[in-house]
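A quick write-up on the structure given underneath.
Number of protein chains: 4
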Amino acid sequence: MRKLRAGIVGGGQGAFIGAVHRIAAELDNEARVVAGAMSSDPEKAKASAAAWHLERSYDCYETMAAEEAAIEGGIDYVIIATPNNLHLPVARAFLEAGIHVVCDKPLASTLDDARELGKIVASSGKLFALTHTYSGYPMVREARDFVASGRLGDLRKVQVEYNQDWLMEPLEREGNKQAEWRTDPARSGVSCCVGDIGTHAKHLVEFVTGRKVQSVCAELTSFVEGRRLDDDASMLLRLEGGARGTLVCSQIACGEENALNIRLYGTKAGLEWRQMKPNTLKVKPAGKSWERFRSGGGYLGEAAARATRTPAGHPEGYLEAFANIYRDFMADVRRAAAGEPALCNYPGIEDGIRGMRFVEAAVASSGNGTIWVEV
Amino acid sequence: MRKLRAGIVGGGQGAFIGAVHRIAAELDNEARVVAGAMSSDPEKAKASAAAWHLERSYDCYETMAAEEAAIEGGIDYVIIATPNNLHLPVARAFLEAGIHVVCDKPLASTLDDARELGKIVASSGKLFALTHTYSGYPMVREARDFVASGRLGDLRKVQVEYNQDWLMEPLEREGNKQAEWRTDPARSGVSCCVGDIGTHAKHLVEFVTGRKVQSVCAELTSFVEGRRLDDDASMLLRLEGGARGTLVCSQIACGEENALNIRLYGTKAGLEWRQMKPNTLKVKPAGKSWERFRSGGGYLGEAAARATRTPAGHPEGYLEAFANIYRDFMADVRRAAAGEPALCNYPGIEDGIRGMRFVEAAVASSGNGTIWVEV
Amino acid sequence: MRKLRAGIVGGGQGAFIGAVHRIAAELDNEARVVAGAMSSDPEKAKASAAAWHLERSYDCYETMAAEEAAIEGGIDYVIIATPNNLHLPVARAFLEAGIHVVCDKPLASTLDDARELGKIVASSGKLFALTHTYSGYPMVREARDFVASGRLGDLRKVQVEYNQDWLMEPLEREGNKQAEWRTDPARSGVSCCVGDIGTHAKHLVEFVTGRKVQSVCAELTSFVEGRRLDDDASMLLRLEGGARGTLVCSQIACGEENALNIRLYGTKAGLEWRQMKPNTLKVKPAGKSWERFRSGGGYLGEAAARATRTPAGHPEGYLEAFANIYRDFMADVRRAAAGEPALCNYPGIEDGIRGMRFVEAAVASSGNGTIWVEV
Amino acid sequence: MRKLRAGIVGGGQGAFIGAVHRIAAELDNEARVVAGAMSSDPEKAKASAAAWHLERSYDCYETMAAEEAAIEGGIDYVIIATPNNLHLPVARAFLEAGIHVVCDKPLASTLDDARELGKIVASSGKLFALTHTYSGYPMVREARDFVASGRLGDLRKVQVEYNQDWLMEPLEREGNKQAEWRTDPARSGVSCCVGDIGTHAKHLVEFVTGRKVQSVCAELTSFVEGRRLDDDASMLLRLEGGARGTLVCSQIACGEENALNIRLYGTKAGLEWRQMKPNTLKVKPAGKSWERFRSGGGYLGEAAARATRTPAGHPEGYLEAFANIYRDFMADVRRAAAGEPALCNYPGIEDGIRGMRFVEAAVASSGNGTIWVEV
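Chains as they are written, first to last, in the working numbering: chain P, 1 to 375; chain S, 376 to 750; chain E, 751 to 1125; chain F, 1126 to 1500.
As structure tokens, this is what we get:
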């Protein structure tokens, strides 16, 4: 049982998400990141690789894909941490070279690209994980089990929201690279806010409820003057099975950090989870006292238990949630190597394509006067 | 400076709101409730009046209005705590008899009635208060001051929600009087949930922001089978000045008690208040540490300070907020008696009419496929 | 069933506790405050009585006791809201005149006075209530039921604390009347902080657990220079039945408002209640999810249910808790009038005497090098 | 700048703390754990090392120390994760072999051992870190800066508590290895609870306030029948400079997970931090609104900023705090290699010796009737 070898494209110095991927991939001692094409700027690529003690650094991802596929001890999988528009070409290069892929969300900058990537994944036979991190939290997995077990009853209402404020000023005109590409249609796609964080919120709803979002009625707004894409959205949701809901996402919600929150209301119980207090799941059964399920609690289901490393009361957070996505993905990498079928306990290509359909539906709804649009 | 004399119509045994009005009216030693027509059932009216030690009990409100206006020591104002459809006739009787009115919300069961009542109030020259209780909380008043002083900056986004679960089962078919009339179009009007609690949420938005809700895009739902009116609604909002928002109200949100919450996001700060933790106002200034303004704090503005009876840390709640509405109304009653102009530091007839326009707009939006409708 | 008539001694303008007593006594429509000797300063007494619309105002409490006992329609009970050293003489005057008494805590300024008052109460045959307000909260009563029902198991550990900061500066030298008498040994007794708030904390422990505090090991401190009495104390506790604990009280805990908190740990569950979030009782059963019992919840016991006026989610607070003490006291006043035995569902003379023994034990412990002293 | 090489003694399968050390040491890509003597049971040692992909596994720590010192590419430092009584011999072996040490707390099982170890560290000239993890949290470091900068004013009062419930049943008689050695005087020392977690609480007080605990007045209890050491303690504290306080620690506090909380009260502000909500620091300035400093906030000091890996709102927790201790220790390892003086930004041998003096003082106080004992 050797450690797996991972490579990374993007994520060079200045992008916090690079280190997040590395930590998440290595946290459980199952893999080492050994190779990378960490920047399109060769100097920066080299410096980033050196800072990470990588064994092999590349100037371009095509070369990396080719060489890693060719050498003995090449990488088992690649991590894609680039702007959205590069997800397709980079993923294509590695998948076609026979290398599994972990990809940042959203899946692509356009729905067409997303569908194209779907075909490539299918024809490659390789594994594909999409880092909807928040589904890695133990208490989110417990929430899914709670709903699936029937303890919520029939789902009636959903409230999901994802509020941040980091784009409340025009950072894209002040040299912030992260803001630049996210507000640039060429690199980001048709949406900034809905694509970047709205897709997380929507994925969380579907992950926890087991119900698809069927249609949306949305208003997207660009509050910061001169911004080319939305930085805020509010929408009504209709879900499979008759449930209704709202999804709010904002990057101009002054004072909010990373406030992804979800509430579900069924015929038997209500449920609430907040990303910034991730180790608690609030349960509100009809006519009874409120309950607080706690990460590490002996009464939790197996999915939550497996996703926890420390005893109750030793807070785990974002990095550990991210690592849970990797842990499940890498279990499949090992299964694939052993010729076993994948378990797919992590977001994948289908989630990514649905996410892009959701983005395009929201944009279409808003652009047509806030009408219902099917996802 | 004698104590004022109040009367009440409705609010008899079984309706918790009756006692709430009495406590609120009397809390600050400014008034006594001395007369009432507390039920349309004469026996119940009599028993209710006796339980309250009323000096005069009536079988019908018309008689009460006439007699109280005629006798020496008659009531200074009447409290209307009846189903919505009676607000107009009862208010008319007292206003035309020259008696000031405090009325439960929503203002009426139809917009036509509301407008009619507006005319009567205007022509009567009498005072009219509408019990949007939540604007009585000290920290709600502080929030309004905060916005008005410019500390929030330009308002961009609003999230308001009012979740309850008391109608999650078909109580109206199980003998619950409160549920019966609220879900009965003849007594309640075109909406149950939006009328009963959505109007509170909408009033709160306008009260705190000083901006009117201009248009809504709404979906109303009846989740409980056989129910004749909505028990849940979600809507998008557009406010004067370009702010956007969402308003969610529900009476089937399993596990929620009386969860009226509001969040505002401006260009300088965010603001959050929760009715169930009413003595705290969360302030989130851009780029700074979060703040928690606390009821009773020496740093609060005058409006909040005047609305508090106890030192910081001695929780005040719903009854005290209700009493603050009465306190301001009764100050106007005394001013009117002295020939001074009213200050109107409480919700009034205009708020009531706007509330009914909001209800009708929401119903129209939802009935026409969730389109934008002006309020 | 006429309304009861109450009188008050002390509580004149400037003392917030006066209005608290009035509101609490009148909240449930069971009584009116009709007479008072509200200040030792005749002018202030007169003005205070006028502001309250009292029917009869007195210059001195002796006259008031005599006259109220003599006239038809005299008061049923008197409220004592004076500095500690006056509790004994005032109570004596009214009890000997045959009038029931509600008295502020602590019971007296000395243990000798307290014992003397105990004898007077006993010989008078009149009712005596001590306003340990916090035992009036619904969730405190639920906590007591929880322990009494065995759901906590055997009590092992108690943590109680009562932190304020209002005396963190030398207010007694800046004209603050409340600070003046509380830090004056002649009026306050041998302790300021332990007497004023430590007794509340200690009463709460005994009320909820049903166990007496047997001995204390205490350190009292005067942090503010020149102050004549303690403004802070920390102590270890031993309770009947082997439980251990800590009691912390402070009036110099910068930033704290009125933070009375209690935690209990038994062999089956833990329990936590916080006065500033009074409508929630946290329950932590061994090996299970945490629970939050909520005021107004249908699953609560009868004691909590009876102490609530509004549906769940409509916050009740300090005034309502105070009113619950009055409600139970006045039920006994009516029973006494009907010749029925008292139920005594409120703190009484014995609690007061024990409270004074606790104060003297804490002072003795601290003065003798922090040794164990029996209460 | 090569990665450092670490070894570990103890921490084999079944001990959660082993993986915690590995993750913390490797999290920032600064080191790899390459060698270990992970158990005194050779089979378990081998299996544990294989599971971790270690390059070198040893049966005994003496051999490991000798060989690692001898080979090229031997470890730079060793991690000691054994029961307390082994800290001295294991540390001695590695220090005398010229290898730096990271050691679990408390420092030893006796004060004599601790002092002996102090001499060895001094004579070896090697680095020594003690894993008082909680001082690694960003907001704890911010708290220290807050106090040091004078914003708290003069410290008056401290309340620290560390409540758990994992020993509320006699696990040591049910095969739980962790419970066995911690309640065994031969391996644990004179105290279980005070040694295991009380030392953390005491260290936290001294770390944040910059003041030493001068004397304690303690009561230690064994609530679980037959237990040979304390599972609960309450104590009064006197600190340098006149501050007073309480320290409560318990392993039988039913329902508590890992509730380490500290509150400080100064003449200018109050401060509160809770380990289970580690990313918030509550600040309560005199006469102003409460503040909440948040991990990742741009307004924080340099110490907090350096200890954070993700943007605000992406929760970091226990593992990341642990990694911060390692990060600072490894910076010194690199400085030592470069001949530079150590910065010692982590708990060290002096903290460990003081911790053992505190344990012995608490035991002595309790054993002598709860008297004041100097630390």
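Think of the CB as a built atom: it goes at the ideal place given N, C-alpha and C, for glycine as much as any other residue.
All values derive from a computational prediction rather than experimental measurement.
1. Pick out whichever of E:E817, E:L836 and E:R865 has its Cα sitting closest to the Cα of A847 of chain E.
2. State buried or exposed for G714 of chain S, treating a residue as buried only when at least 16 other CB atoms are found within 10 Å of its CB.
3. On a CA-only basis, which of F:R1460, F:L1364 and F:D1309 is nearest K1327 of chain F? Give me that one, please.
4. Tell me whether the segment 79 to 87 of chain P and the segment 51 to 59 of chain P touch, counting them as touching only if at least three CB pairs, one residue from each stretch, are closer than 8 Å.
5. Since C624 of chain S sits in a beta bridge, which residues does DSSP pair it with?
6. In terms of DSSP beta bridges, what is S1182 of chain F paired with?
7. Which residue spans inside the segment 1294 to 1360 of chain F form an unbroken alpha helix (DSSP H) run of at least 4?
8. Taking 7 Å as the limit between beta carbons, can you name the residues of its chain near N1074 of chain E, skipping five residues before and five after?
9. M1106 of chain E and L838 of chain E - do their beta-carbons sit closer together than 8 Å?
10. Buried or exposed: where does M754 of chain S fall if 16 or more other Cβ atoms within 10 Å of its Cβ makes it buried?
11. Taking only three categories from DSSP, how would you classify Y1015 of chain E?
12. Quick check: what's the CA-CA separation for R294 of chain P versus E677 of chain S?
13. State the Cα-Cα distance for the pair L1362 of chain F and E930 of chain E, rounded to the nearest angstrom.
14. Taking 7 Å as the limit between beta carbons, can you name the residues of its chain near I1496 of chain F, skipping five residues before and five after?
15. Pop quiz: S1375 of chain F and C1318 of chain F are said to be a contact at Cβ under 8 Å. What is the actual Cβ separation, rounded to whole angstroms?
16. Would you mind working out which of P:S191, P:A70 and P:H200 sits nearest A259 of chain P, comparing C-alpha positions?
17. If the cut is a Cβ gap below 7 Å, which residues of chain F does K663 of chain S touch?
18. Could you check which residue in E:H1064, E:A1019 and E:G1048 has the C-alpha nearest to that of K652 of chain S?
19. DSSP puts G385 of chain S in a beta bridge; with which residues?
20. Mark F1141 of chain F as exposed unless 16 or more other C-beta atoms lie within 10 angstroms of its C-beta, in which case mark it buried.
21. Quick check on DSSP: helix, strand or coil for P1214 of chain F?
22. Out of curiosity, what's the CA-to-CA distance linking E72 of chain P and V101 of chain P?
23. For V248 of chain P, decide whether its Cβ has a neighbour in chain S, counting only Cβ atoms nearer than 8 Å.
24. Could you tell me which residues DSSP puts in a beta bridge with H1410 of chain F?
25. Quick one: does R548 of chain S have its CB under 8 Å from some CB of chain F?
26. Residues in the same chain with beta-carbon distance under 7 Å from R1399 of chain F, minus the five sequence neighbours each way, listed in chain order, please.
27. For G1005 of chain E versus A1394 of chain F, is the C-beta spacing smaller than 8 Å?
28. Would you verify that the beta carbon of E1041 of chain E is, or is not, closer than 8 Å to some beta carbon of chain P?
29. Does any CB atom of chain F fall closer than 8 Å to the CB of P1035 of chain E?
30. So which residues on chain F does R669 of chain S lean against when the C-beta distance must stay under 9 Å?
31. Between the C-alpha atoms of D854 of chain E and S1313 of chain F, what's the straight-line distance to the nearest angstrom?
32. Would you mind reading off the limits of the beta strand (DSSP E) that contains R1044 of chain E?
33. Three-state secondary structure (DSSP) at T110 of chain P?
34. When you compare each of P:L220, P:A122 and P:Y326 to V421 of chain P by their alpha carbons, which one comes out closest?
35. Should A811 of chain S go down as buried or exposed, given a rule of 16 or more other Cβ atoms within 10 Å for buried?
36. Does the beta carbon of W273 of chain P sit closer than 8 Å to a beta carbon anywhere in chain S?
To lay it out plainly:
1. E:E817
2. exposed
3. F:L1364
4. no
5. S:Y537 and S:A608
6. F:G1161
7. 1302 to 1307, 1310 to 1313 and 1324 to 1334
8. G886 and A1057
9. no
10. Since the first residue shown for chain S is 376 and the last is 750, residue 754 of chain S is missing from the structure and cannot be characterised.
11. strand
12. 42 Å
13. 30 Å
14. C1342 and S1490
15. 7 Å
16. P:H200
17. Y1424
18. E:H1064
19. S:A456
20. exposed
21. helix
22. 19 Å
23. yes
24. Note on residue identity: the sequence assigns Pro, not His, to residue 1410 of chain F. Looking at the DSSP assignment, P1410 of chain F forms a beta bridge with F:A1394.
25. no
26. N1386
27. yes
28. yes
29. yes
30. S1414 and W1415
31. 51 Å
32. W1040 to R1044
33. coil
34. It is not possible to answer for residue 421 of chain P, since the shown part of chain P is limited to 1 through 375.
35. Since the displayed chain S opens at 376 and closes at 750, residue 811 of chain S lies outside it and no answer follows.
36. no
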